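Enquirer: The numbers in the sequence shown follow my numbering, run straight up by one, and end at 381. The structure's right below; bear with me while I get my questions together.
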Amino acid sequence: MWSSQDASSFSKTRCRLRTWISDCGAISGDVEKMSHFYTDLVSDTVTRPSPGMLQAMVDASTGDEQRGEDPTTLALCDRVAQMMGFDDAIFLPSGTMCNQIAFLVHCRPGDEVIAAGNAHIMRSEGAGAAALAGAQIHPIPTSRGIFTADDVSPLIRTRRDRAPVTRLICVEQTTNSGGGAVWPIDTLSKLAKLARAKGLVMHMDGARLLNAVVASTLPAKNHCAGFDSAWIDLSKGLGCPVGAVLAGDSDFIRQAWVWKHRLGGAMRQSGVLAAAGLYALDHNINRLADDHRNARLLADLLSDTPGIDVFPEVIESNILFLDITRTGKTTGIINTILSASGVRLNAESPTRFRAVTHLGISSEQILGAAKAIKDACKA
């Protein structure tokens, strides 16, 4: 039982937090005041929570998540499950944990996952499927990160003792290394039909699923139809400080909880973080269209720049790549020059940049960044 002194101390702490939030306008949009990089295009993971989101976090009702007693986390999971057309969902610290838990539930050692060769699970998750689930990945070569049922069909192995078992098809929506490409619904439907016919599992890495929702103007449940599991990231374009939500049927989520505990993903009073997710779903989905427009604007401004090749030709969401091979400079040199202008790009290689637009970037900043990039390539 709290004493009156405890209650007074808590009240004072909350008041200090409220004061800090009101004084912290730089967190929303004024990123330049908080970072050397006024225009940071390195990733949409650099987004910061707005004052409104922080206030929602301060006001969140919480409880013990592991006992099913955190009302805000439960509300977030219910909301995401309904939005994506699944029975249930689970709140996790990261998207990578969502993918790995999905593999751990769906696969057994010796199984095989079919995915794009440039998918996040191939390039950026430390061979987690092999290290944790004992499953290997069969990569499909594709520049845009999108493949078809016809691509998958010949890769499905005939069952025999000495061969891996083809178990799962993994789709990344949108495609990160494919330049933010959006999987067409018809392509997803045909993959799901093939999976059902062959007894395979479908999993969606939905790190930027809501970007696909906005770009396609189709609801999330349309994209997830026929999938056994899928997730959305909260800490990219939605602007949350941390977190992702993995969804599936009730039995899948029950098994996912086992792995959440085993992997150290239990977060106790996670409602403080879940409140940010609920705020983002209320306020930050439709505005993803602004990020898509800014990505197209940047591509248009740079498309005729000598020495720069922009990929993809058609920008569908908030990611684009710049090949600077013909400038004769390296990404390291250009980023050093850009740093003086407060602009940063993600160096994918010595000759290739990735640029990602997000809620911390305005169209005015894009105009300035384009000029700085042009000048750096000419310098």
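Every residue gets a Cβ at the ideal spot worked out from N, C-alpha and C, and that includes glycine. Computed from a predicted structure; not experimentally measured.
Does the beta-carbon of E114 have 16 or more other beta-carbons within 10 angstroms, so that it is buried, or is it exposed?
Expert: Buried, since its Cβ has 16 or more Cβ neighbours within 10 Å.
Enquirer: Does the Cβ-Cβ distance between A232 and M85 come in under 7 angstroms?
Expert: The answer is no: Cβ separation not under 7 angstroms.
Enquirer: Going by DSSP, which residues form a beta bridge with T177?
Expert: The partner list for T177 (beta bridge, DSSP) reads A183.
Enquirer: Would a C-beta distance cut-off of 7 angstroms place T189 and N213 closer than the cut-off?
Expert: Contact: no.
Enquirer: Can you have a look at D163 and say buried or exposed, based on whether 16 or more other CB atoms are within 10 angstroms of its CB?
Expert: It counts as exposed.
Enquirer: What's the gap between the Cα of E34 and the Cα of A151?
Expert: Any answer about E34 is weak, because its pLDDT of 40 lies below 50 and its placement is not dependable; what the coordinates show is given next. For E34 and A151, the distance between alpha carbons rounds to 46 angstroms.
Enquirer: Quick one: measure Cβ to Cβ for N320 and T359, integer angstroms, because I've assumed they're closer than 8 angstroms.
Expert: Sure, about 5 angstroms apart at Cβ, within 8 angstroms.
Enquirer: Indicate whether I363 and N296 have their beta-carbon atoms separated by less than 7 angstroms.
Expert: In contact: I363 and N296 (Cβ atoms closer than 7 angstroms).
Enquirer: In angstroms with no decimal places, state the Cα-to-Cα distance between T75 and V60.
Expert: Going from the Cα of T75 to the Cα of V60 covers about 14 angstroms.
Enquirer: Could you give the distance in angstroms between the alpha-carbon of L395 and the alpha-carbon of I92?
Expert: Here the chain has residues from 3 to 381 only, and residue 395 is not among them.
Enquirer: Within the same chain, show all residues whose beta-carbon is closer than 6 angstroms to that of Q68, passing over the 5 residues directly before and after it, in chain order.
Expert: Excluding sequence neighbours, Q68 sits near A268.
Enquirer: Using the rule of at least 16 other Cβ atoms within 10 Å of the residue's Cβ for burial, across every protein chain shown, is N288 buried or exposed?
Expert: The residue is exposed, with fewer than 16 neighbouring Cβ atoms inside 10 Å.
Enquirer: Please state if the CB of H122 and the CB of E174 are separated by a distance shorter than 7 angstroms.
Expert: Contact: yes.
Enquirer: Drop a sphere of 10 angstroms on the beta-carbon of D80, count the other beta-carbons inside from all chains shown, and report buried for 16 or more, exposed for fewer.
Expert: So D80 counts as exposed.
Enquirer: Am I right that S351 and T333 are in contact with their C-beta atoms under 8 angstroms? What's the rounded C-beta distance?
Expert: At roughly 7 angstroms, the Cβ-Cβ gap stays under 8 angstroms, so S351 and T333 are in contact.
Enquirer: Please say whether D235 and A246 have beta carbons closer to each other than 7 angstroms?
Expert: Yes, Cβ-Cβ distance for A246 and D235 is below 7 angstroms.
Enquirer: From F355, L340, G147 and Q271, pick the residue whose C-alpha is nearest to that of I310; which is it?
Expert: Closest option to I310, Cα to Cα, is F355.
Enquirer: Measure the alpha-carbon distance for D292 versus R161 and round it to whole angstroms.
Expert: Roughly 48 angstroms separates the two Cα atoms.
Enquirer: Does the Cβ-Cβ distance between K238 and T47 come in under 7 angstroms?
Expert: Yes, they are a contact pair.
Enquirer: Got a sec? Which residues, its chain only, sit under 6 angstroms from Q102 by beta carbon, not counting five neighbours each side?
Expert: Result list for Q102: G130 and L134, in chain order.
Enquirer: Return helix, strand or coil for S155, following the three-state DSSP convention.
Expert: S155: helix per DSSP, three-state reduction.
Enquirer: Can you tell me whether G181 is buried or exposed, with buried defined as 16 or more other CB within 10 angstroms of its CB?
Expert: Buried is the call here.
Enquirer: Leaving aside the five residues before and after I142 along the sequence, list all residues of the same chain whose C-beta is less than 8 angstroms from its C-beta, in chain order.
Expert: Cβ within range, chain order: I116, A117, A118, G119, F149, D153, V154 and L157.
Enquirer: Looking only at its chain, what residues have a beta carbon closer than 6 angstroms to the beta carbon of A209, apart from the 5 residues adjacent to it on each side?
Expert: G97 and D235.
Enquirer: Flag this pair as yes or no: are the beta carbons of L300 and I368 separated by less than 7 angstroms?
Expert: Against a cut-off of 7 angstroms, the Cβ pair of I368 and L300 comes out as a contact.
Enquirer: Starting from I148, trace the beta strand (DSSP E) both ways and give me its first and last residue.
Expert: That residue, I148, is in no beta strand (DSSP E); it is neither H nor E in DSSP.
Enquirer: Nearest to L361 by CA position, among G241, A58, M99 and A183, is which residue?
Expert: Closest by alpha carbon: G241.
Enquirer: Is DSSP giving V260 helix, strand or coil here?
Expert: Three-state result, V260: helix.
Enquirer: Who does C172 pair with in a DSSP beta bridge?
Expert: Bridge partners of C172: H205.
Enquirer: Run through the DSSP bridge pairs and tell me what H140 is partnered with.
Expert: According to DSSP, which records beta bridges pairwise, H140 is partnered with I116.
Enquirer: From what residue to what residue does the alpha helix (DSSP H) around A349 run?
Expert: From DSSP, A349 is part of no alpha helix (DSSP H) but of the beta strand (DSSP E) over N348 to S351.
Enquirer: Helix, strand or coil for T391? Go by DSSP, reduced to three states.
Expert: Any question about residue 391 goes unanswered here, given that the chain covers just 3 to 381.
Enquirer: Nearest to A402 by alpha carbon, out of L265, K376, C379 and D377?
Expert: Past the edges of the chain, shown from 3 to 381, lies residue 402, and the structure says nothing about it.
Enquirer: Within its chain, find whatever has a CB closer than 6 angstroms to the CB of F88; leave out the 5 residues flanking it on each side and keep chain order.
Expert: Once the five neighbours on either side are set aside, the close Cβ partners of F88 are A249 and G250.
Enquirer: Please state the DSSP three-state secondary structure of L322.
Expert: In the structure shown, L322 sits in a strand (DSSP, three-state: E or B).
Enquirer: Hey, how far is the Cα of L43 from the Cα of I336?
Expert: Near 14 angstroms, if we compare the C-alpha coordinates of I336 and L43.
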